[in-house]
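>
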Amino acid sequence: MIATIFKNGVVVVIDSFFVWERNNMGKIFITGHKNPDLDSICSAYAYSVLKNRIDEENEYIPVRPGHLSNSTKAILSALSIKAPVYMRNVYPKVSDVMLIPEEKFEADMPLTSLAKHYKTVNPSVIPIYDKGKFLGLLSVDDISWWFMHKLGTEGAIADVPKIRELLRIKEDSVQLTDLFEEAKSLITSFKKRGLAVFDGDEFAGYVTRRCFLKAPSYKVILVDHNEARQSIPGIETATIVEIVDHHRLDASKTSLPIFIDTEPVGSTCTIVYQSFLRHRIIPDEYTAKVMLTGLISDTLILKSPTTTVVDVNTAGALATICQVDINEFGNEMFSHVESLASREPKAAILSDFKKYTEEGVNMGIGQCEVTTLNDIEDYRDTYLEILENIREEEKLDWAVVMITNVLKEHSILLTTGFRSEKNLPYNMIREKVYDMPDVMSRKKQLLPEMVYALKN
Ligand SMILES: [Mn+2]
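In this text, residue positions in the sequence shown follow our numbering: the first is 1464, and each later residue adds one.
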């Protein structure tokens, strides 16, 4: 008798004795890219709200695959927005295939007490307890070995033994969070038929060889990115069920048709809000604030050249729902951005660093957002030095970082001194430092100029 029950998104397969809880398999995780920025975090959360509203069969859980920068943390806490939980990877885990015993067999019970269980379930291993505490797994090999040994030495079996006599305790165990593939190689190279699963020191369940016949696959929705290498580790083992994004498309091949919603707008939160509209759902005030935060952050208060009319209209609608003034909201948000002088330079530059190859030249372009450029002399030389180290480490020909004042539409460019630099249309302030008034976008403004400079 086997029944499958969908309960809170958890698939529970029940036969007469065991609950087979595939912990994460009934859930759909929504994740942004590594180095989670506000658009990634906010669109993952908002999209989970929408999906949980329109699809009651599944549970959608927003997650983030990386750690938050101090600025992001400060902005989220100032706005009382809770970040999605951190998820290390989407590789299948032992917990996803683990069996949980329903009935407890005590070591001091006679072996006959297992007879009914064997008749109905025919298990390869049975967890045995000693006064309620897990003692070890009894396998069919233990039983046959004991009987054959007894018959071999004594010629007959006089009494029914207690379970304890047959148990060969202290085999290897695995942890709930251990990876499926690692546990699988352990069990296949192992003489026993099962492994106990622990959650720290607590016995949680067990796995048998049968649990490893087929690797389970996490279901994932990608927001604010679509390239596997920017995504959560283990994405190659997962099933991507949707993509919601505003970047160039470089998605991996999928085995099933999927829903893709990409538009060349200023933020993924804009696309998510459009999706709310399509479903005729008005987001609640909190969700509207979350989407506005991602939108304002990615479009630099609607001033970045990536901003479209759809972004402007969306920001207006969201600001109305949460009753805020867009500029005040944006200025307040960016006031929490940490000064570059107090940040660790390498982490600051690499927190948003993209690599390109053009005309055979490997380039890296970082971007840091600030709210004033007046203090640039305090950190300029250190950042130039670290930028050169990054260029060497990343094996690049040319590395630059644009430091953008998001409140004033003005950037300063620090570079590693590549030959094509002289062709850039910007005024040199001093060696390796250029002034870029009205420049805010790496993708739309700086990158095309750098590519043009290479060709001359
Ligand atoms: Mn984005």
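In this text, a Cβ means the ideal position worked out from N, Cα and C, and glycines have one as well. Source: prediction; values computed, not measured.
At 3 residues or longer, and completely inside the stretch 1823-1907: list those beta strand (DSSP E) runs for me, N to C.
1824-1833, 1861-1868, 1873-1878, 1890-1893, 1896-1900
> I need the DSSP call for Asp1635, collapsed to helix, strand or coil.
Three-state result, Asp1635: coil.
> Taking Cβ positions, are Cys1732 and Ser1506 nearer each other than 8 angstroms?
yes
> Can you list, in chain order, the residues of its chain whose CB lies under 6 angstroms from that of Asp1664, leaving out five sequence neighbours each side?
none
> Reducing DSSP to helix, strand and coil, say where Ile1493 ends up.
strand
> Once the 5 residues before and after Val1623 are set aside, which same chain residues still bring their CB inside 7 angstroms of it?
Around Val1623: Pro1573, Leu1574, Thr1575.
> Closer than 7 angstroms to a non-hydrogen atom of ligand 1 - does that hold for the CB of Ser1814?
Not under cutoff, so the answer is no.
> Between Tyr1549, Glu1628, Glu1807, Glu1848, which lies nearest to Pro1525 when the distance is taken from Cα to Cα?
Tyr1549
> Hey, how far is the Cα of Thr1702 from the Cα of Lys1545?
Thr1702 and Lys1545 have their C-alpha atoms spaced approximately 27 angstroms apart.
> If we count the other Cβ atoms within 10 Å of its Cβ and call it buried at 16 or more, is Pro1808 buried or exposed?
buried
> Return the Cβ separation of Tyr1554 and Leu1642 in integer angstroms, given the expectation that the two are a contact with Cβ distance under 8 angstroms.
5 angstroms
> For the stretch 1805-1821 against the stretch 1763-1775, do three or more pairs of beta-carbon atoms, one drawn from each stretch, fall closer than 8 angstroms, so that the two count as touching?
No, they do not touch.
> Any idea what DSSP makes of Thr1771, helix, strand or coil?
coil
> For Thr1731, is the beta carbon positioned less than 7 angstroms from some heavy atom of ligand 1?
yes
> Between Gly1757, Asn1825, Glu1748, which lies nearest to Glu1856 when the distance is taken from Cα to Cα?
Asn1825
> Report yes if the C-beta of Asp1774 is less than 7 angstroms from at least one heavy atom of ligand 1; otherwise report no.
Incorrect: Asp1774 has no Cβ contact closer than 7 angstroms to ligand 1.
> What's the C-alpha gap between Pro1888 and Val1896?
Rounded to whole angstroms, Pro1888 to Val1896 spans 13 angstroms at the Cα level.
> How is Ala1780 classed by DSSP in three states: helix, strand or coil?
helix
> Is the beta carbon of His1530 within less than 7 angstroms of some heavy atom of ligand 1?
Look at His1530: its beta carbon is at least 7 angstroms from all of the heavy atoms in ligand 1.
> Take the Cβ of Phe1722 as the centre, count every other Cβ of all protein chains shown within 10 Å, and call the residue buried at 16 or more, exposed below.
Result: exposed.
> For Ile1591, does the three-state DSSP call read helix, strand or coil?
strand
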